[in-house]
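First comes the structure, then the notes that go with it.
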Amino acid sequence: MMTLLEQAQSLRTQLHQYAHEYHVLDAPTVPDAEYDRLFRALQALEMAHPELATLDSPTLRVGGQPLPQFEPVIHTVAMLSIRTETDVTPAGALAFDASVRKELDLPLSAALIEYAAELKFDGLAISLRYENGVLVQAATRGDGATGEDVTQNIRTIAQIPLRLRGEILPGVLEVRGEVYMRRDDFDRLNERQLAAGDKTFVNPRNTAAGAVRQLDPAIAAARPLSFFAYGLGVVEGWPQPETHSAVLDALAGLGFPVCVERAVLQGGAGLAEFHAHVSDIRDGLPFDIDGVVYKVNSMALQKELGFRTREPRWAVAHKFPAQEALTIVEAIDVQVGRTGAITPVARLQPVFVGGVTVTNATLHNEDEARRKDVRVGDTVAVRRAGDVIPEVVNVVLERRPMKDVPGADLFSSSQESLYPVFSLPRACPVCGSHVVREEGEAIARCSGGLSCSAQRKEAIRHFAGRRMMDIDGLGERYVESLVDLAYVKSLADLYALTLADFQNMKAAVDEAAGVSAESIAQGRLATKWAENLLEGIAASKTPLLARFLFALGIRHVGESTAKTLADWLGRLELIRHAPAPLLRSLPDIGDTVAVAISEFFAEPKNQLALDALLAAGVVPRDEHAPSGLLREKLMPASLYAHLGVPKLSGVRSVQLAERVSSLSALARADWLTLTFLPADVAKALLSWLDEDSHRQSLQALAVWCADLERQLPAEIESLAGVFKDKTLVLTGTLPTLSRDQAKDLIEAAGGKVSGSVSKKTHYVVAGSDAGSKLTKAQGLGVSILDEAALLRMLDVREG
Ligand SMILES: [Zn+2]
57 MMTLLEQAQS LRTQLHQYAH EYHVLDAPTV PDAEYDRLFR ALQALEMAHP ELATLDSPTL
117 RVGGQPLPQF EPVIHTVAML SIRTETDVTP AGALAFDASV RKELDLPLSA ALIEYAAELK
177 FDGLAISLRY ENGVLVQAAT RGDGATGEDV TQNIRTIAQI PLRLRGEILP GVLEVRGEVY
237 MRRDDFDRLN ERQLAAGDKT FVNPRNTAAG AVRQLDPAIA AARPLSFFAY GLGVVEGWPQ
297 PETHSAVLDA LAGLGFPVCV ERAVLQGGAG LAEFHAHVSD IRDGLPFDID GVVYKVNSMA
357 LQKELGFRTR EPRWAVAHKF PAQEALTIVE AIDVQVGRTG AITPVARLQP VFVGGVTVTN
417 ATLHNEDEAR RKDVRVGDTV AVRRAGDVIP EVVNVVLERR PMKDVPGADL FSSSQESLYP
477 VFSLPRACPV CGSHVVREEG EAIARCSGGL SCSAQRKEAI RHFAGRRMMD IDGLGERYVE
537 SLVDLAYVKS LADLYALTLA DFQNMKAAVD EAAGVSAESI AQGRLATKWA ENLLEGIAAS
597 KTPLLARFLF ALGIRHVGES TAKTLADWLG RLELIRHAPA PLLRSLPDIG DTVAVAISEF
657 FAEPKNQLAL DALLAAGVVP RDEHAPSGLL REKLMPASLY AHLGVPKLSG VRSVQLAERV
717 SSLSALARAD WLTLTFLPAD VAKALLSWLD EDSHRQSLQA LAVWCADLER QLPAEIESLA
777 GVFKDKTLVL TGTLPTLSRD QAKDLIEAAG GKVSGSVSKK THYVVAGSDA GSKLTKAQGL
837 GVSILDEAAL LRMLDVREG
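And the structure:
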């Protein structure tokens with residue numbers, strides 16, 4: 057029998073272990089419920105016997121009482137800042153290496169210096185003090201000499217160990233690192249704020265810093281924070297490793313999260329390479345960084361190099377180009393998208409940000425533009441990260457142009473903004489049709505449909521896209537001219553274009569631009585582009601059914617929905633007449649999507665456009681019989697459940713199917729037929745039946761389903777192959793397959809391709825230059841395939 061003390065100790069040990077597995081290793085071994093059970097047991101025990109509580113108890117993670125203020129903490133070993141290299145080119149790395157060699161008086165012939173390189177996290181520096189393995193204090197950097205005691209808040213960060221792991225624990229160990237917020241955690245936090253009607257946060261860095269400096273630990277506990285360890289302060293009774301990289305390894309061994317994106321490198325060239333590598337993967341990282349850090353790896357050399365004023369000579373932070381910059385809004389225009397979506401766009405004074413010159417930034421929608429209150433003349437912070445469309449982060453209100461209110465007296469001058477609040481135009485700026493914004497929708501739309509040339513252009517651009525009809529060479533510029541000059545009024549018109557059309561179009565464009573028509577004078581060579589385009593158009597005539605469906609630009613139908621439709625129904629003829637209840641019963645197709653699909657095909661002009669495409673010779677090349685799995689979806693119980701009748705749940709539908717065995721019978725149902733159902737369900741069903749034409753539509757549905765049933769194959773075939781229910785992640789460059797080809801093959805074999813590696817990933821397919829995803833997969837023990845192995849597995853399926 058364990059004593060109470062032993063019980064508490066044992067619970068704490070288990071909880072520490074599970075928390076480490078979950079939060080640091082990302083590999084839990086027990087379900088969350090088990091953790092919660094043990095946690096509650098420990099809480100109860102400590103509550104009944106306060107003398108059993110300890111400083112490293114996981115129960116402290118939920119936070120304590122609010123503080124009146126933070127106590128100062130003096131850093132025995134100062135928390136220094138490191139010098140920043142602002143030359144964002146490789147020269148910045150070489151200059152640091154040169155300065156280290158010069159300080160050490162090394163001749164040119166001397167061996168390369170070894171460096172440890174890591175990421176520069178964009179968060180808040182923290183010093184954690186452990187005595188005999190237990191976290192006793194956490195402090196901010198402050199001015200480097202004195203910080204603030206934020207222990208209560210830091211204890212709420214699940215990634216920070218309350219007790220160090222391992223057999224031999226240091227008497228005193230101060231660990232330095234960065235508290236930060238992951239971008240996905242930040243986005244979720246803001247979603248919650250919005251849902252609760254609260255103010256949203258500007259960026260992860262400020263939000264993390266604000267949370268750490270909360271006097272009320274309950275608020276800090278509600279903010280999802282993360283931590284990376286990267287250095288040491290005071291150390292007593294612990295053999296310090298001889299290199300910085302070994303320190304990081306040791307910290308990981310003690311239970312701290314240490315970022316895997318780090319390397320040991322030789323010389324300035326190695327540093328420059330690391331800088332370039334991290335710059336490439338930067339946008340794929342789940343958190344923000346603003347550069348990389350280089351440190352001389354040898355502790356002995358670090359000591360020899362020492363400090364210049366308060367900055368170490370052995371370390372430097374090497375920046376990346378900024379992802380945010382300030383500029384001025386010159387105008388706010390609106391753009392019209394493929395589905396008619398009207399998007400406000402800020403026209404900006406050109407500004408260099410994220411490595412390119414940006415002149416436009418999206419404001420997403422009217423609400424967003426109003427929430428940020430962006431006005432003409434405002435100075436705004438613009439963010440551009442990777443390939444993401446640049447966006448306005450916030451307005452610098454102090455710089456808003458103001459004017460005096462006329463009539464205000466000299467001594468109490470009052471001012472108002474020079475420019476009014478932004479509002480959307482009521483008419484489409486392109487075609488003049490009404491702009492409508494449906495109840496509950498964030499997006500306003502032009503009601504002009506394909507009669508709006510802006511929507512036509514977008515629809516054609518989408519149709520021709522790489523993952524749709526893949527029309528080679530039909531770029532932005534040509535689509536623009538083809539629509540503006542009225543060569544293409546519908547999608548099918550694309551297939552009627554001739555060489556002469558293209559030449560005339562080009563001549564007209566050149567003329568408008570004041571260029572002489574030399575393209576025609578040059579003869580054959582000048583028509584090559586048009587011949588290529590015509591070839592591209594002709595080649596697109598036999599698309600995969602799923603891509604064709606995706607290309608049609610049906611609202612809410614993305615690649616995967618298009619694929620579901622093609623897999624299950626197999627034939628365009630079925631899909632274009634599929635009723636909403638059947639669509640709803642297909643996997644991953646919810647009510648919104650089902651309604652969008654059936655509304656699209658209910659529109660006569662869309663059916664005509666589709667007929668025109670078929671008449672132009674477009675033939676999906678992989679049509680096949682509908683899936684035998686549909687048999688189950690055609691059972692009355694399944695159809696009833698997807699009719700969209702309020703209160704008619706799955707269970708009630710089964711009950712209903714037992715008594716009312718067909719759609720036709722249901723169409724004739726009255727009060728007496730339905731007495732076996734609970735009154736409210738029967739009432740909801742009857743009022744649904746009496747609505748509009750629902751009884752008639754049930755008859756039509758019955759006919760359609762009977763027709764579909766006749767087309768089903770005799771045997772239920774398997775929908776999927778060797779990767780059925782498996783999730784794969786592609787990374788790096790494969791030797792022969794493109795990303796899209798590999799994705800198609802995997803999906804054809806029933807697999808799903810995901811963008812990020814997690815515990816749920818079954819395989820990672822890695823090519824050359826595979827980066828952090830591969831490292832993560834190795835860390836998680838996920839099986840790794842090269843292209844050859846992937847193809848072998850796919851062959852098994854075919855063989
Ligand atoms: Zn329009």
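Just so we're aligned, residue 57 is where the sequence shown starts under the numbering used here, counting upward by one.
Ideal Cβ positions, reconstructed from N, Cα and C, are used throughout, including at glycine.
Cβ-based neighbour list, residue i, same chain, cut-off 8 angstroms, excluding 5 preceding and 5 following
i	result
residue 834	840
residue 238	260, 280, 282, 342, 343
residue 423	498
residue 155	369
residue 115	95, 98, 99, 102, 109
residue 57	none
Chain B contact for residue i (CB, 7 angstroms cutoff)
i	result
residue 710	Here there is only one protein chain, and chain B is not present.
As assigned by DSSP and simplified to three states, the class of residue i
i	result
residue 799	helix
residue 47	Only positions 57 to 855 of the chain appear in this structure, which leaves residue 47 out of reach.
residue 855	No answer about residue 855 holds up, because its pLDDT of 34 lies below 50 and its placement is not dependable.
residue 543	coil
residue 580	For residue 580, the predicted model reports a pLDDT of 49, less than 50, meaning its position is unreliable; a value from the coordinates is still stated below. Helix.
residue 555	helix
residue 840	strand
residue 587	helix
residue 456	coil
residue 475	coil
residue 298	coil
residue 68	helix
residue 57	coil
residue 278	helix
Residues near residue i in its chain [Cβ-Cβ closer than 7 angstroms; skip 5 each side]
i	result
residue 311	76, 80, 217, 220, 221
residue 306	297
residue 610	652, 653, 656
residue 635	654, 757, 760
residue 376	144, 335, 338, 346, 347
residue 142	375
Own chain residues within Cβ distance below 6 angstroms of residue i, not counting five before or after
i	result
residue 616	none
residue 849	778
residue 83	77
residue 286	233
residue 520	527, 530
residue 185	192, 193, 230
Distance between beta carbons of residue j and residue i, contact taken as under 8 angstroms
i	j	result
residue 67	residue 98	4 angstroms
residue 289	residue 230	3 angstroms
residue 858	residue 402	The question about residue 858 has no answer here: the residues shown for the chain are numbered 57 through 855.
residue 200	residue 113	Not confirmed; about 32 angstroms, so no contact.
residue 407	residue 452	That belief does not hold up - the Cβ atoms of residue 407 and residue 452 are roughly 13 angstroms apart, past 8 angstroms.
C-beta atoms of residue i and residue j nearer than 7 angstroms
i	j	result
residue 645	residue 500	no
residue 450	residue 529	no
residue 641	residue 698	yes
residue 267	residue 276	yes
residue 607	residue 525	yes
residue 558	residue 350	no
residue 478	residue 384	no
residue 130	residue 202	yes
residue 789	residue 823	yes
residue 676	residue 741	no
residue 696	residue 709	yes
residue 330	residue 173	yes
residue 548	residue 725	no
residue 292	residue 198	no
* **Minimum length 4: unbroken alpha helix (DSSP H) runs contained in the stretch 323-392** => Complete alpha helix (DSSP H) runs here, min 4: 323-337, 355-361.
* Asked: Which full runs of the beta strand (DSSP E) of 3+ residues lie inside the stretch 87-163, going along the chain?
  -> Within the stretch 87-163, the complete beta strand (DSSP E) runs of at least 3 residues are 128-130.
* To do: Note down, one range per segment and in chain order, each beta strand (DSSP E) of at least 3 residues found wholly within the stretch 182-266.
  => If one requires a minimum length of 3 residues, the beta strand (DSSP E) runs lying completely within the stretch 182-266 are 190-196, 202-204, 228-236, in chain order.
* Secondary structure, alpha helix (DSSP H): runs of 4+ residues fully inside the stretch 727-794 -> With a minimum length of 4 residues, the continuous alpha helix (DSSP H) runs that stay inside the stretch 727-794 are 735-745, 750-767.
* Jot down the residue ranges of each uninterrupted alpha helix (DSSP H) in the stretch 603-654, minimum 4 residues, whole runs only, in chain order. => For the stretch 603-654, whole alpha helix (DSSP H) runs of length 4 or above, ordered along the chain, are 615-625, 628-631, 636-640.
* Residue ranges of each alpha helix (DSSP H) run of no fewer than 4 residues wholly in the stretch 645-718, ordered along the chain? -> Correct list: 647-658, 660-671, 686-689, 692-697, 706-715.
* To do: Just list the alpha helix (DSSP H) runs in the stretch 483-532, keeping only unbroken ones of 4 residues or longer that don't cross its boundaries, in chain order.
  => The stretch 483-532 contains, as complete alpha helix (DSSP H) runs of 4+ residues, the segments 509-520 (chain order).
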